[in-house]
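*Asks:* Per the numbering used here, residue -14 is the first one in the sequence shown, and the count goes up by one each step.
The beta-carbon is built from N, C-alpha and C at its ideal position, and this holds for glycine as well.
Remember, it's a predicted structure, so these values are computed and weren't measured experimentally.
Below is the structure I would like to discuss, written out as structure tokens.
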Amino acid sequence: MKTLSIKRFIFFIVLFLLLTTYINPALIVNAESSKNDFNILVVSSYNPSSEWEAFVIEGVKRKLDTDKNINVSYEFLDVRTIYDETYLKSLSDLLNLKYSKSSINAILTIDDEAFSFARSNLFNAESIFFKKPIVFTGVNKSIHFSTEESYYIRGVSEVEDNTALINMILNIHKNLEVINIILDNATYSTVVRNNLIDIEKFFSYPIKLNFIQSSFIEDISNELALNTTPNQVSLIIGDFKYKTTEFICPLTETINQIESTNPYPIYTKSQPYLFAGAVGGITDWGQQQGLVVGEMLLRLSKNEDIKTIIPTYDTLEQTVFNYKMVRKYGINPLLLPEDSIFINKGSFDFLLPTYLLILLWISILAIISLVILLIYKVIHHKHNSKKNKILYIEAQKAEKMKTEFISNVSHELRTPLNIILSTCKLLNLKIKHATLDTDYLKDKLGSIEQNSNRLLRLVNNILDVTRIEAGFMTTYFKMQNIVEVVEDTILSVVDFAKTHNIEIIFDTEYEEILTAIDKLKLERALLNLLSNAIKFTSSEGVVDIYIKTENSNVIISVKDTGIGIPEEYLPFIFERFKQVDSSFTRENEGSGLGLSIVKGIVELHNGTIAVASTIDVGSTFTITIPICIIDKEIPKYAIENSDLSQIVNLELSDIQ
Ligand code: ADP
-14 MKTLSIKRFI
-4 FFIVLFLLLT
6 TYINPALIVN
16 AESSKNDFNI
26 LVVSSYNPSS
36 EWEAFVIEGV
46 KRKLDTDKNI
56 NVSYEFLDVR
66 TIYDETYLKS
76 LSDLLNLKYS
86 KSSINAILTI
96 DDEAFSFARS
106 NLFNAESIFF
116 KKPIVFTGVN
126 KSIHFSTEES
136 YYIRGVSEVE
146 DNTALINMIL
156 NIHKNLEVIN
166 IILDNATYST
176 VVRNNLIDIE
186 KFFSYPIKLN
196 FIQSSFIEDI
206 SNELALNTTP
216 NQVSLIIGDF
226 KYKTTEFICP
236 LTETINQIES
246 TNPYPIYTKS
256 QPYLFAGAVG
266 GITDWGQQQG
276 LVVGEMLLRL
286 SKNEDIKTII
296 PTYDTLEQTV
306 FNYKMVRKYG
316 INPLLLPEDS
326 IFINKGSFDF
336 LLPTYLLILL
346 WISILAIISL
356 VILLIYKVIH
366 HKHNSKKNKI
376 LYIEAQKAEK
386 MKTEFISNVS
396 HELRTPLNII
406 LSTCKLLNLK
416 IKHATLDTDY
426 LKDKLGSIEQ
436 NSNRLLRLVN
446 NILDVTRIEA
456 GFMTTYFKMQ
466 NIVEVVEDTI
476 LSVVDFAKTH
486 NIEIIFDTEY
496 EEILTAIDKL
506 KLERALLNLL
516 SNAIKFTSSE
526 GVVDIYIKTE
536 NSNVIISVKD
546 TGIGIPEEYL
556 PFIFERFKQV
566 DSSFTRENEG
576 SGLGLSIVKG
586 IVELHNGTIA
596 VASTIDVGST
606 FTITIPICII
616 DKEIPKYAIE
626 NSDLSQIVNL
636 ELSDIQ
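Below, the structure written as structure tokens:
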């Protein structure tokens, strides 16, 4: 029993479902449309390049793109090319054919003509528009729907009122006499014209409205040329054609043509003209309209009944200005409505009158300059104090060197002077006691002479260092066999070296190397190196001198097996007054001027000097002088041979 009643229950349910599906066709459609996509047909009055309409479509797309199941098809009536009964009838037939197989769920019309077209077919049973929900935008005529029509039609009804626009223009241009109202022959232009005539009495002050209406740009230009008052502006609405070709004149070209005849600000009610060079206006903002009607279509796609959608009675207008044009016509931005939006305006384009703008930029520039100046001053101050610090350190160093030099020189002067004085005293005593013999006298006179030479060398060195530093050292260059000059200098110290039990070895790659030298100065430099080598080499040591040529240079090396120079002193060894051992207890005498004079002399020959040394192994000084050929004539200021033995005596006078 129970099983039977369940079976019966299922049978009745199935029967009920079948019957209801059959009886109610709406349910079948709904079931199908939930499976299928929602198809919208957009019908625009003009062609795809009409800019305001393109902005509307942009807004619609932005809204509808969120739903993947919505398909949108587009049709353009192109009514500017042709617009009559026959054309509309053929167009209607064509669309019926074209969409006979597709199911259209809703229509969107853009502008008056497209709306009239769809509306006229709303109750035509053969039309694809038959009882299809129509959403409209861009309709400017005040429209009244029949009760039945109101079941299918919704959209944005624009309330045409241009009082605010004209009052805004009058507020910006104080002495205005004429406003040229430039219109084409589209329905919208006529709506605007009628509205302006209606509201003329409400303007903030009386003004002449100069209506210029034509489909052709040439007519517009000609009529504008008749208006010669300087106190005029224009208001442009519509698109214009060339008379010759019937092609639409691009908007920028339209603006340029008008400006060339009447160079005064052009206002507009049409958004695309703003981008083409109009100053500004209160315009239907296409994208905004697109968003509103897009939202209506979206609701329809979600099976909402069109009757539940409340129509929008709003112009959705926006006060917009082209910043570049505002500046071009010297319009004071402070006179523009507060809620205006601006195109062509950069972040640093301020909304100020020109004089305030100049003042602002001057202040900004002044502040920037001031900041730069301050930064410069701080950097300069820092740089100066750094420089002063360096100068201070250098001055301190120089002062220290001077003190060291004075103590060295005093020591150097005192030692030979003491010897000379005490020798004189001894000789006086001998004379007094009549015990002075010739040998003793000779010996003591020798000592006096040697110490006098030491004093003379010191004084000469001080003078030379000063001359080299001041660049006053006169040179006397002459072509010489440098090998011979070096050999002669070495020969002059060989005997002296022997007395210190030091062997001198001389070797050369060539017997003759001719080059221009200042012989006396080079001898002096060599003697200094040789005397140092002997001075700092102990008994049984060797001093080795070698001459060779390399890359057009003469290279003279003086190598000894002496005490060597500590590594840390090597970088400073050619500086004035530098001595490795500057203590008063040092073994050898010297002022620390010799090597700096050697370096100065080598540099006078355009050469260089280098040192390599190892403690307790020995030192090698290497002079490199470029081989230089000059006129064989003896130079004008050359002085001839001075006594080499005299120089040798002077240079070796330091060594005990
Ligand atoms: P000075 O007249 O005191 O010899 P120099 O300028 O000729 O002055 O030498 C500076 C210092 O360099 C010397 O005091 C010595 O310490 C070091 N020096 C120079 N030549 C040699 C060398 N061949 N061997 C070791 N030390 C040397």
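Going by the C-beta, is ASN517 closer than 7 angstroms to any heavy atom of the ligand ADP?
*Replies:* yes
*Asks:* Do the CB positions of THR304 and VAL277 come within less than 8 angstroms of each other?
*Replies:* No, they are not a contact pair.
*Asks:* So, at 8 angstroms on beta carbons, what are the nonlocal neighbours of THR534 in its own chain, with the 5 sequence-adjacent residues on each side left out?
*Replies:* GLU494, TYR495, ILE498, ILE540 and ILE612
*Asks:* With 16 other CB atoms within 10 Å as the buried threshold, where does GLN381 fall?
*Replies:* exposed
*Asks:* Roughly how many whole angstroms lie between the Cα atoms of PHE462 and THR500?
*Replies:* 9 angstroms
*Asks:* Inspect the CB distances between the segment 239 to 249 and the segment 182 to 198 and report whether three or more fall short of 8 angstroms.
*Replies:* They do not touch, by the three-pair rule.
*Asks:* Note the first and the last residue of the continuous alpha helix (DSSP H) segment covering GLU38.
*Replies:* In the DSSP annotation of this structure, the continuous segment of the alpha helix (DSSP H) that includes GLU38 starts and ends at 36 to 49.
*Asks:* Compute every distance between the C-beta of ASN536 and the non-hydrogen atoms of the ligand ADP, then say whether any falls below 7 angstroms.
*Replies:* no
*Asks:* Cβ-heavy atom distance between LEU406 and the ligand ADP below 7 angstroms?
*Replies:* Not so, every heavy atom of the ligand ADP lies at least 7 angstroms from the Cβ.
*Asks:* Check whether the Cβ of ASP449 lies closer than 7 angstroms to any heavy atom of the ligand ADP, and answer yes or no.
*Replies:* no
*Asks:* Restricting to Cα atoms, I'd like to know which of SER286, VAL633, ALA263 and ASN160 is closest to THR474.
*Replies:* VAL633
*Asks:* Can you list, in chain order, the residues of its chain whose CB lies under 7 angstroms from that of ASP52, leaving out five sequence neighbours each side?
*Replies:* LEU283 and SER286
*Asks:* Confirm, please, whether the CB-CB distance from ILE55 to ILE89 is below 8 angstroms.
*Replies:* no
*Asks:* Tell me whether TYR7 sits in a helix, a strand or coil according to DSSP, three-state version.
*Replies:* Bear in mind that a pLDDT of 37 at TYR7, under 50, signals an unreliable position, so the number given afterwards is only what the model happens to contain. In the structure shown, TYR7 sits in a helix (DSSP, three-state: H, G or I).
*Asks:* Using 10 angstroms around the beta-carbon of SER200, count the other beta-carbons present and answer buried if the total reaches 16, otherwise exposed.
*Replies:* buried
*Asks:* Given VAL479, which residues of its chain have a CB within under 6 angstroms of its CB, disregarding the five upstream and five downstream residues?
*Replies:* ILE489
*Asks:* Following the continuous beta strand (DSSP E) through ASP503, name the residue where it begins and the one where it ends.
*Replies:* Element bounds for ASP503: n/a, residue is neither H nor E.
*Asks:* So is the beta-carbon of PHE481 under 7 angstroms away from any non-hydrogen atom of the ligand ADP?
*Replies:* Outside the cutoff, so no.
*Asks:* Which one of HIS368, PRO250 and GLY266 has the shortest CA to CA distance from GLY315?
*Replies:* Out of HIS368, PRO250 and GLY266, PRO250 has the C-alpha closest to the C-alpha of GLY315.
*Asks:* For ALA11, count neighbouring C-beta atoms within 10 Å of its own C-beta (all shown protein chains included) and say buried if the count is 16 or more, exposed if not.
*Replies:* Below a pLDDT of 50, predicted positions are generally treated as unreliable, and ALA11, at 34, falls in that range; no measurement from the model is reported.
*Asks:* Whole-angstrom Cβ separation of GLY279 and LYS117, contact assumed at under 8 angstroms?
*Replies:* GLY279 to LYS117, Cβ: 17 angstroms. No contact.
*Asks:* Could you pull the start and end residues of the beta strand (DSSP E) that PRO215 belongs to?
*Replies:* Taken as a continuous stretch (DSSP letters only), PRO215 belongs to no beta strand (DSSP E), as it is neither H nor E.
*Asks:* To the nearest whole angstrom, what separates the beta carbons of ILE594 and VAL583, a pair I think is in contact under 8 angstroms?
*Replies:* 6 angstroms
*Asks:* Kindly list the residues whose CB is nearer than 7 angstroms to the CB of ILE113, restricted to its own chain and excluding five residues on each side of it in sequence; keep chain order.
*Replies:* LEU80, ASN81, TYR84 and ILE89
*Asks:* At a cut-off of 7 angstroms, would you count SER604 as near the ligand ADP, judging by its Cβ distance to the nearest heavy atom?
*Replies:* yes
*Asks:* If you draw a straight line from the alpha carbon of THR229 to that of VAL64, how long is it in whole angstroms?
*Replies:* 19 angstroms
*Asks:* Tell me whether VAL363 sits in a helix, a strand or coil according to DSSP, three-state version.
*Replies:* helix
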